[in-house]
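Asker: Right, I'll just put the structure down here and ask away after.
Protein chains: 2
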Amino acid sequence: MPDSLRRFKADIFQALAHSTRIAILELLSDGELSAGVLIEKLGMEQANVSQHLGVLRAKHLVVNRKAGNQVFYSVRDRTIIEVLQLMRRYFHTQLKETSDMLDELDKPLEIVH
Amino acid sequence: MPDSLRRFKADIFQALAHSTRIAILELLSDGELSAGVLIEKLGMEQANVSQHLGVLRAKHLVVNRKAGNQVFYSVRDRTIIEVLQLMRRYFHTQLKETSDMLDELDKPLEIVH
DNA sequence: CAATTACATTCGAATATGCTAATATTCAAT
DNA sequence: ATTGAATATTAGCATATTCGAATGTAATTG
Numbered sequence: 000m001p002d003s004l005r006r007f008k009a010d011i012f013q014a015l016a017h018s019t020r021i022a023i024l025e026l027l028s029d030g031e032l033s034a035g036v037l038i039e040k041l042g043m044e045q046a047n048v049s050q051h052l053g054v055l056r057a058k059h060l061v062v063n064r065k066a067g068n069q070v071f072y073s074v075r076d077r078t079i080i081e082v083l084q085l086m087r088r089y090f091h092t093q094l095k096e097t098s099d100m101l102d103e104l105d106k107p108l109e110i111v112h
Numbered sequence: 000m001p002d003s004l005r006r007f008k009a010d011i012f013q014a015l016a017h018s019t020r021i022a023i024l025e026l027l028s029d030g031e032l033s034a035g036v037l038i039e040k041l042g043m044e045q046a047n048v049s050q051h052l053g054v055l056r057a058k059h060l061v062v063n064r065k066a067g068n069q070v071f072y073s074v075r076d077r078t079i080i081e082v083l084q085l086m087r088r089y090f091h092t093q094l095k096e097t098s099d100m101l102d103e104l105d106k107p108l109e110i111v112h
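Going down the list, the sequences are from chains A and B. Counting from 0, one number per residue, gives the positions in the first sequence under numbering that gives the first Met the number 0. Counting from 0, one number per residue, gives the positions in the second sequence under numbering that gives the first Met the number 0.
As structure tokens, then:
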């Protein structure tokens, strides 16, 4: 497999590598929503959400449609939703295999010596 | 869905968000390989590959088995391989939809004037 | 016990990412 | 034309990632 394809994949994974962007894609999985509704449902700063939408747009994971004052977003390809679902399955498998996993999640903070 | 689960997913995606780590997982998809063989097949710096293996280990995407002098790595859960395969399908879909995609891929290299 | 092989870890510099606050832009309505 | 609402962009700072160079650590061999 050519490295260009791997870089493409890595780019997509990078776009998925943030809980807010995952939340956005999940919210959009049932159909399009305006930026305003997304901001409201996420309960986060407008600029912050807009930046995350910008990342998803840049990687073509979402498309946007302007309607007057508003901008409606939707997922471009359902395959991405499938990836997220596969990930959930992965989570459950791992949960069964190692219950330490949850402790591990908190670890990054322990780096403070 | 709780945010902790999204953060877990994001963490895994972060681990996948590098072409070298994707290459490692692909190389391991047919069975375990020693760190040395991985380094050789990747043709990269020993320390660099070891660091990437460290990331994959930290996120439990791979497990390692010590045998004397060597360390053998293998993917912990095939689901991750499935995610990579889904991603390949995604790539092909996108390729059909927008041929600009390839231009986008080469862009970073064109910085050399 | 050297010396070597196979990996891992640490350090430091470069680059990338994420956030808030502030500012722009774009369309709508008065 | 002004104002207001919805969204995007920029600036600046803090933190994270990535890399090569150097160093550390086990196990192996002589």
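The C-beta atom is built at its ideal place from N, Cα and C for all residues, glycine as well. In this text, all values refer to a predicted model and were calculated from it rather than measured experimentally.
Helix, strand or coil for N47 of chain A? Go by DSSP, reduced to three states.
Answerer: Helix, per DSSP.
Asker: From the DSSP secondary-structure annotation, give me the bridge partner or partners of A66 of chain A.
Answerer: Its beta-bridge partners are A:Q69.
Asker: Grab the span of the alpha helix (DSSP H) containing K8 of chain B for me, first residue to last.
Answerer: Its alpha helix (DSSP H) spans residues D2 to L15.
Asker: Return the residue from the list B:R87, B:K95, B:R64 and B:M86 that minimises the CA-CA distance to E31 of chain B.
Answerer: For E31 of chain B, the nearest C-alpha among the options comes from B:R64.
Asker: Classify L83 of chain A as helix, strand or coil using the three-state DSSP reduction.
Answerer: L83 of chain A falls in the helix class under three-state DSSP.
Asker: Could you confirm whether any beta carbon from chain A is found closer than 9 angstroms to the beta carbon of L37 of chain B?
Answerer: No, its Cβ sits nowhere closer than 9 angstroms to a Cβ of chain A.
Asker: If we cut at 9 angstroms on Cβ distances, does M43 of chain B have a partner in chain A?
Answerer: Answer no: the Cβ-Cβ gap between M43 of chain B and chain A never drops below 9 angstroms.
Asker: Can we say the stretch 73-84 of chain A touches the stretch 54-62 of chain A, given the rule of at least three CB pairs closer than 8 angstroms?
Answerer: Flag = yes, the stretch 73-84 of chain A and the stretch 54-62 of chain A touch.
Asker: Along chain B, in chain order, which residues have C-beta atoms closer than 7 angstroms to that of A22 of chain A?
Answerer: The contacting residues are R5.
Asker: Could you tell me how far apart the beta carbons of L52 of chain B and A14 of chain B are, in whole angstroms, since I believe they sit closer than 8 angstroms?
Answerer: Not confirmed; about 11 angstroms, so no contact.
Asker: Can you have a look at Q93 of chain A and say buried or exposed, based on whether 16 or more other CB atoms are within 10 angstroms of its CB?
Answerer: With 16 or more Cβ atoms within 10 Å of its Cβ, Q93 of chain A is classed as buried.
Asker: Take every Cβ of the stretch 38-48 of chain A, pair it with every Cβ of the stretch 38-49 of chain B, and state whether three or more of those distances are shorter than 8 angstroms.
Answerer: The stretch 38-48 of chain A vs the stretch 38-49 of chain B: no contact.
Asker: Roughly how many angstroms lie between the CA atoms of A9 of chain B and S33 of chain B, to the nearest whole one?
Answerer: Cα to Cα, A9 of chain B sits roughly 28 angstroms from S33 of chain B.
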